[in-house]
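Peer 1:
In the UniProt record's numbering, the protein residues as written are 1 to 109.
So, in structure tokens, the structure goes:
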């Protein structure tokens, strides 16, 4: 499948670290749920594996998986891990988002 999502090396490193601490596979699941201050919000979880219809992207041995419904809303996105004075968090640079919020965890289409 074509790579429609990108996991940055910084995000891959962080996922690998978290997965190792939790003794789980280095697989990050990104999904989109209704809610948040802009209409939709991103949800991140460690996954045991990819489902049959998931989109899968891999960086440095770490997989990013997204279900087909969420993929419609995040296709072409880049998932990064950023550290700043305000804290550390996964960030989604979503080309489909028409609006976002200051915290970066929700968006509108």
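Heads up, the beta-carbon is just placed ideally off N, CA and C, and yes, glycines get one too.
In this text, all values refer to a predicted model and were calculated from it rather than measured experimentally.
(1) May I ask you to report which of helix, strand or coil DSSP gives residue 24?
(2) When you compare only the Cα positions, how much space is there between residue 18 and residue 47?
(3) For residue 15, I'd like the list of residues in its chain whose CB is within less than 7 Å of its CB, leaving aside the five on either flank, ordered along the chain.
(4) In the DSSP assignment, find the beta strand (DSSP E) that holds residue 64 and state where it starts and stops.
(5) Bridge partners for residue 82 per DSSP, in chain order?
(6) For residue 66, is the classification buried or exposed, using 16 other Cβ atoms within 10 angstroms of its Cβ as the cut-off for buried?
(7) Which of the three DSSP states, helix, strand or coil, is assigned to residue 57?
(8) Please look up how many angstroms separate the CB atoms of residue 7 and residue 57, rounded, as I've assumed it's under 8 Å.
(9) Helix, strand or coil, according to DSSP, for residue 77 in the structure here?
Peer 2: With the structure as the only source:
(1) In the chain shown, the residue the question calls residue 24 occupies position 24. Correct three-state label for residue 24: coil.
(2) The residue labelled residue 18 in the question sits at position 18 within the chain shown. The residue labelled residue 47 in the question sits at position 47 within the chain shown. Note on geometry: alpha-carbon atoms of residue 18 and residue 47 lie some 12 Å from one another.
(3) One-based indexing of the chain shown puts residue 15 at position 15. 26, 28, 62, listed in sequence order.
(4) Walking along the chain shown from the start, residue 64 turns up at place 64. Looking at the DSSP string, the run of the beta strand (DSSP E) that includes residue 64 is 62-66.
(5) Locating residue 82 in the chain shown gives position 82, where the first residue counts as 1. Answer is 89.
(6) Working through the chain shown from its first residue, we reach residue 66 at position 66. By the neighbour-count rule (16 or more Cβ atoms within 10 Å), residue 66 is buried.
(7) Position 57 of the chain shown, counting from 1, holds the residue named residue 57. Here residue 57 sits in strand by DSSP.
(8) To locate residue 7, count along the chain shown from 1; it is residue 7. To locate residue 57, count along the chain shown from 1; it is residue 57. Right, the Cβ-Cβ distance comes to about 6 Å (below 8 Å), so this counts as a contact.
(9) Looking up residue 77 in the chain shown gives position 77. DSSP places residue 77 in coil when its eight states are reduced to three.
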